[in-house]
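In what follows, a structure is listed as structure tokens, so that the remarks can point back to it.
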Amino acid sequence: MNASSIQAIILAAGKSTRFNTGRSKLLERLCGQEMILYTTKLFESLSLPTTVVLGYEAENIKKVITNHHTQIMFAEQPEQKGTGHALACSQHTWMSDHILVINADMPLITKKIINELIEKHLTKNADVSFVTSHTENPSQFGYGRVIQQNGTLKIVETRNYQGTEIDDCCINAGIYMFKKTFLNNYLPQLGSQNAQNEFYLTDLIEKASAHQLTIETVAASFDHIRGVNTLKELWSAEQIKRAELISHWMDNGVRFFAAQAVHVDENVTIGQGSTISYGTHVINGTKIGINCHIEPFSIISNSTIGNNVTIYSHSVITDSTIEAHTKIGPFAHIRTHSTIKQSATVGNFVELKATTLGANSKAKHLAYLGDTTAGERVNIGAGTITSNHNGFSKQPTTIEDNAYIGSNNTLVAPLTIGKNSYTAAGSVITKQVPPEALAIARAYQVNKEGYARKLREKFAKEQQTKTNELKESEAVSFVAALKTHNDSTLSGNT
Numbered sequence: 027m028n029a030s031s032i033q034a035i036i037l038a039a040g041k042s043t044r045f046n047t048g049r050s051k052l053l054e055r056l057c058g059q060e061m062i063l064y065t066t067k068l069f070e071s072l073s074l075p076t077t078v079v080l081g082y083e084a085e086n087i088k089k090v091i092t093n094h095h096t097q098i099m100f101a102e103q104p105e106q107k108g109t110g111h112a113l114a115c116s117q118h119t120w121m122s123d124h125i126l127v128i129n130a131d132m133p134l135i136t137k138k139i140i141n142e143l144i145e146k147h148l149t150k151n152a153d154v155s156f157v158t159s160h161t162e163n164p165s166q167f168g169y170g171r172v173i174q175q176n177g178t179l180k181i182v183e184t185r186n187y188q189g190t191e192i193d194d195c196c197i198n199a200g201i202y203m204f205k206k207t208f209l210n211n212y213l214p215q216l217g218s219q220n221a222q223n224e225f226y227l228t229d230l231i232e233k234a235s236a237h238q239l240t241i242e243t244v245a246a247s248f249d250h251i252r253g254v255n256t257l258k259e260l261w262s263a264e265q266i267k268r269a270e271l272i273s274h275w276m277d278n279g280v281r282f283f284a285a286q287a288v289h290v291d292e293n294v295t296i297g298q299g300s301t302i303s304y305g306t307h308v309i310n311g312t313k314i315g316i317n318c319h320i321e322p323f324s325i326i327s328n329s330t331i332g333n334n335v336t337i338y339s340h341s342v343i344t345d346s347t348i349e350a351h352t353k354i355g356p357f358a359h360i361r362t363h364s365t366i367k368q369s370a371t372v373g374n375f376v377e378l379k380a381t382t383l384g385a386n387s388k389a390k391h392l393a394y395l396g397d398t399t400a401g402e403r404v405n406i407g408a409g410t411i412t413s414n415h416n417g418f419s420k421q422p423t424t425i426e427d428n429a430y431i432g433s434n435n436t437l438v439a440p441l442t443i444g445k446n447s448y449t450a451a452g453s454v455i456t457k458q459v460p461p462e463a464l465a466i467a468r469a470y471q472v473n474k475e476g477y478a479r480k481l482r483e484k485f486a487k488e489q490q491t492k493t494n495e496l497k498e499s500e501a502v503s504f505v506a507a508l509k510t511h512n513d514s515t516l517s518g519n520t
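Quick note: to get my numbering, add 26 to the position in the sequence shown (first position is 1).
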């Protein structure tokens, strides 16, 4: 394949009307990646110079593309007048002898299909080549039918299909390859005499057939050429893509429990021997090491998980690094560039934000550490929090190696707690704690002998007084009601 003679054109100018979301479907994410990037990255992997034709939401789509590519060219279709018009809008960027054209909403297309199309087109010296597929109901998905009748090959769009042609389930996939000389001759001849008053790229097939030019086709499975025009179709495509990804990781030694209920993104990696449980989301570039165990309903996003890590159920880890042999959760929340060092433990209902927890350190119960650096072998007692915000800015807390933080502590930042120090349970620590010190910051306990008995007697007496007052009030009310009744009776007798 001589890639230097081929240029790719991606048609991405449509309004996404059937999506009904008010934004371009090409900006929707499928398995963690914007739909437009599936085709741009495919052509980049094939080293094909690429032009993207933009229209609706052009600037937003262009921004997504340029965040990932530096060599892509752009063309504008100011009015959406059909696929033929869109291709014509890119003509000023054509630099190669062969033009490969694809609709942008095909996230399941494979390199294998594109290579087969290119190889056949070049080998057969075709003027026009395109990809076909089969589906039981072309109209349901809006695909044009490929009709071969009376020696003529043509594509009939669903909107223009009258049912007079020999019905066939062979459909046009929306991927074409043309000689540039063919396009220069016949693209200007396209007309808009159809139901939509648009210039259809598909009409070029009939023109090539009518002039007895060489036309080649490549067949592909429907699942690989599925276009995405509605949210339901996005859902279907995402299920297929996710099944492909999970199948890939199974082949590489990753065990999934209830795989149909696991969400894995396009750009994640998972190490051999790891297990992923149902309801888990591994998304947004996450990297998981070997022999890790991820329990149900955990969400891991844009994070790096070392080898031999256990993440218990319902834990959420975002933008963070978890080193080897650590244990996280259940119900832990680790976020905002936190780092959990080797063999540390973050237990149930513990939240860490922008925090480093040193090797072999433990925060096992009901704690919050924010903007904190904790050294090695530190113990964080249950109920401990760092009070890291003074109303205007975040302040840091440093807990040095081997420090022992008692239960129910409030550590008011900025603060440093020295090596090998202790803080007593229930303390509010507001001053620096020197190394080897014990810090106690709580009211002294006072025991009053016999005072509990006096309190009980006092409370009992008060309760008895209230009871007597209630009874007296009820008696007065009864006597008053009885008097009223008697007065009424006497009045009636008179």
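We put the CB at the ideal spot given by N, CA and C, even for glycine. Values in this document were obtained by computation on a predicted structure and should not be read as measured data.
Query raised in the report: Would you report the Cα separation of Leu-37 and Gly-332, rounded to the nearest angstrom?
Result: Cα to Cα, the separation comes out at about 41 Å.
Query raised in the report: Which residues mark the beginning and the end of the alpha helix (DSSP H) in which Ser-273 is found?
Result: 257 to 277
**Report entry** Delimiting residues of the alpha helix (DSSP H) encompassing Thr-92
**Finding:** 84 to 92
Report task. Measure how close the beta-carbons of Leu-53 and Glu-60 come, nearest whole angstrom, since I'm counting them as under 8 Å. Result -> 6 Å
Query raised in the report: What are the boundary residues of the beta strand (DSSP E) that includes Lys-206?
Result: Where Lys-206 is concerned, there is no enclosing beta strand (DSSP E), although the alpha helix (DSSP H) it sits in stretches over 206 to 212.
Query raised in the report: Secondary structure at Met-61, three-state DSSP: helix, strand or coil?
Result: helix
Query raised in the report: With 16 as the cutoff for other CB atoms within 10 Å, does Tyr-394 come out buried or exposed?
Result: buried
Query raised in the report: Taking DSSP as the reference, what is the three-state secondary structure of Val-280?
Result: coil
Query raised in the report: How many whole angstroms separate the CB atoms of Leu-134 and His-250, which I take to be in contact at a CB cut-off of 8 Å?
Result: 5 Å
Query raised in the report: What's the C-alpha gap between Ile-320 and Gly-373?
Result: 14 Å
Query raised in the report: From the DSSP output, which residues share a beta bridge with Thr-344?
Result: Ser-327
Query raised in the report: Taking the C-alpha atoms as reference points, what is the distance between Phe-357 and Pro-461?
Result: 33 Å
Query raised in the report: Mind checking Ala-380: buried by the 16 CB within 10 Å criterion, or exposed?
Result: With 16 or more Cβ atoms within 10 Å of its Cβ, Ala-380 is classed as buried.
Requested in this report: Could you tell me the distance, in whole angstroms, from the CA atom of Asn-317 to the CA atom of Asn-334?
Outcome: Cα-Cα distance, rounded: 5 Å.
Query raised in the report: Tell me, which residues are paired with Val-472 by DSSP?
Result: Beta-bridge pairing links Val-472 to no other residue.
Query raised in the report: Under three-state DSSP, which class holds Ile-35?
Result: Look at Ile-35 here: in three-state DSSP terms it is strand.
**Report entry** Nearest-angstrom Cα separation, counted from Ile-360 out to Ala-221
**Finding:** 56 Å
**Report entry** Cutoff 6 Å; reference Thr-295; Cβ partners in own chain excluding five residues on either side
**Finding:** The answer, listed in chain order, is Lys-313.
Query - C-beta contact flag for Ile-431 and Gly-396 at 8 Å - result: no
Query raised in the report: If you draw a straight line from the C-alpha of His-124 to the C-alpha of Gln-286, how long is it?
Result: 42 Å
Report task. Could you work out which residue in Asn-255, Val-172, Glu-349 and Ser-514 is closest to Ala-245 when comparing CA atoms only? Result -> Checking every option, the nearest Cα to that of Ala-245 belongs to Val-172.
**Report entry** alpha helix (DSSP H) segments (min. 4 residues) lying fully within the region 99 to 165
**Finding:** Unbroken alpha helix (DSSP H) stretches of 4 residues or longer found wholly inside the region 99 to 165: 109 to 115 and 137 to 149, given in chain order.
Query raised in the report: By DSSP, does His-237 sit in helix, in strand, or in coil?
Result: coil
Query raised in the report: When you compare each of Glu-426, Ala-439, Val-404 and Ser-433 to Ser-419 by their alpha carbons, which one comes out closest?
Result: Ala-439
Query raised in the report: Considering only C-alpha positions, which residue in the set Glu-264, Ser-303 and Gly-299 is nearest to Glu-292?
Result: Glu-264
Query raised in the report: Going by Cα to Cα distance, which pick from Gly-444, Ala-234 and Ala-385 is closest to Glu-426?
Result: Gly-444
Report task. Put Arg-361 into one of helix, strand or coil per three-state DSSP. Result -> strand
Requested in this report: With DSSP collapsed to three states, give me the class of Val-172.
Outcome: Looking at Val-172 - three-state DSSP - the assignment turns out to be strand.
**Report entry** Range of the contiguous alpha helix (DSSP H) that encloses Ile-251
**Finding:** 248 to 251
Requested in this report: Find the nearest neighbour of Phe-208 within the set Gly-315, Gln-103, Leu-74 and Ala-114, judged by alpha-carbon distance.
Outcome: Ala-114
Report task. Ignoring anything shorter than 3 residues or poking outside the region 424 to 462, list the beta strand (DSSP E) runs there in chain order. Result -> 436 to 438 and 441 to 443
Requested in this report: Compute the Euclidean distance between the alpha carbons of Ala-234 and Thr-240, then round it to the nearest angstrom.
Outcome: Rounded to the nearest whole angstrom, the C-alpha separation of Ala-234 and Thr-240 is 7 Å.
Query raised in the report: When the Cα atoms are used, what is the spatial distance from Lys-89 to Ala-130?
Result: 16 Å
Report task. Identify, in the order they occur along the chain, each residue of the same chain with its Cβ nearer than 8 Å to the Cβ of Ser-503, setting aside the five sequence neighbours on each side. Result -> Within its own chain, no residue has a Cβ closer than 8 Å to the Cβ of Ser-503 once the five positions on either side in sequence are excluded.
Query raised in the report: Closer than 7 Å: is that where the CB of Leu-179 sits relative to any heavy atom of the ligand PLP?
Result: The ligand PLP is not among the ligands present in this structure, which contains no ligands whatsoever.
Requested in this report: Please name the residue or residues paired with Cys-196 in a DSSP beta bridge.
Outcome: According to DSSP, residue pairing for Cys-196 in a beta bridge involves His-160.
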